[in-house]
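Single-structure report; data block below.
In the numbering used here, the protein residues as written are 9 to 266.
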């Protein structure tokens, strides 16, 4: 049964506090954290990323969602444009899709050759071993969705003016390639599910439940992160608080609320 909004928020709140603690630990220790979010169109990658970063300092926790490569980037080493977005000490980077585009949408939609896709699957584990050997904490999540749920969400995007921008020709074309994406995912898992960089599949047919499952798994796989927050001296102001005063221009009129 799908979670109601109130129940979801109550369950998420304590984990959000733990995520804030994770960020504090990363800042204190210089840890570098990379979390990859992959999955089918409409699975809920954006919502999961928002749930992770919602209360974190945006200067410390960055989301990377790259568009298609430029002509110049197409001439570079495939991983090059992703490397420049990896975290510095104390940073958390959330990849909304990642280098695994080549194993998924590029392969299925014909945006790369079969040879390029196969070469990627061979090289990706070595690339990720370089990252983890250098100390990066790498977490890879694939968000799963049955086709009936995907159809519901695609239809909702088309009917909701606030979500219409999410519906692209690629999304519509993917409707006919559900099994092809399954086959591509299985080939990807077989080649890149390694001891140093394993995949974790999370059921996102219920997106709220999926977010809770993913965040709990991420937190449970982190090392001991207990660091007490610094004490803040908050002395008495020493006078009555001032009201705002204006000399040059006045604020605009308040929004009318009945």
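Cβ atoms here follow ideal geometry from the backbone N, Cα and C, with glycine treated the same way.
What does DSSP give as the partner residue(s) for residue 103 in the beta ladder? 44 and 72
Using 9 Å as the threshold, is the C-beta distance between residue 56 and residue 212 below it? Going by C-beta atoms, residue 56 is nearer than 9 Å to residue 212.
Curious, which full-length beta strand (DSSP E) runs of at least 3 residues does the segment 178-251 contain? 207-211
For residue 59, I'd like the list of residues in its chain whose CB is within less than 6 Å of its CB, leaving aside the five on either flank, ordered along the chain. So the qualifying residues of the chain are 219.
When the distance is taken between beta carbons, is residue 128 closer than 9 Å to residue 90? Not a contact, by the Cβ cut-off of 9 Å.
Tell me which residues share the same chain as residue 226 and place their Cβ nearer than 7 Å to its Cβ, disregarding the 5 neighbours each side in the sequence. 43 and 147
For a quick check, are the C-beta atoms of residue 113 and residue 70 less than 9 Å apart? Not in contact: residue 113 and residue 70 (Cβ atoms no closer than 9 Å).
Start and end residues, beta strand (DSSP E) containing residue 150: 145-152
Straight-line Cα distance separating residue 62 from residue 262: 28 Å
Do residue 133 and residue 199 have their beta-carbon atoms positioned less than 9 Å apart in this structure? yes
For residue 158, count the other beta carbons within 10 Å of its own beta carbon; 16 or more makes it buried, fewer makes it exposed. Which is it? buried
Reference residue 178, options 207, 29 and 49, closest by Cα: Selected option, being the one with the closest Cα: 49.
Check whether the Cβ atoms of residue 95 and residue 35 lie closer than 9 Å to each other. no
Do you know how far the Cα of residue 72 is from the Cα of residue 130? 24 Å
Residue-level contact to chain C via CB, residue 33, 9 Å cutoff: Judged by its chain identifiers, the structure shown contains no chain C, having just a single protein chain.
Of all the options 232, 29, 256 and 161, which has the alpha carbon lying nearest to the alpha carbon of residue 176? Minimum Cα distance to residue 176 is reached at 161.
Using the three-state DSSP reduction, which class does residue 156 fall into: helix, strand or coil? helix
Pick from 31, 26, 18 and 47 that is closest to residue 182, judged by C-alpha positions: 47
Reduced DSSP category for residue 323 - H, G, I as helix; E, B as strand; rest coil: Residue numbering for the chain in the displayed model covers 9 to 266; residue 323 lies beyond these limits and cannot be assessed.
I'd like to know whether the C-beta atoms of residue 104 and residue 53 end up nearer to each other than 9 Å. yes
Cα-Cα separation, residue 228 to residue 255: 54 Å
8 Å contact criterion, which residue 116 and residue 185 should meet: CB distance rounded: Cβ atoms of residue 116 and residue 185 come within 8 Å of each other, at about 5 Å.
Could you name the residues of the same chain whose beta carbon sits closer than 7 Å to that of residue 68, not counting the 5 residues immediately before and after it, in chain order? 31, 35, 98, 99 and 100
In or out: residue 189 buried (at least 16 other Cβ within 10 Å) or exposed? buried
Please list, in chain order, all residues of the same chain as residue 33 whose beta carbon is under 6 Å from its beta carbon, the five residues on each side excluded. 233 and 235
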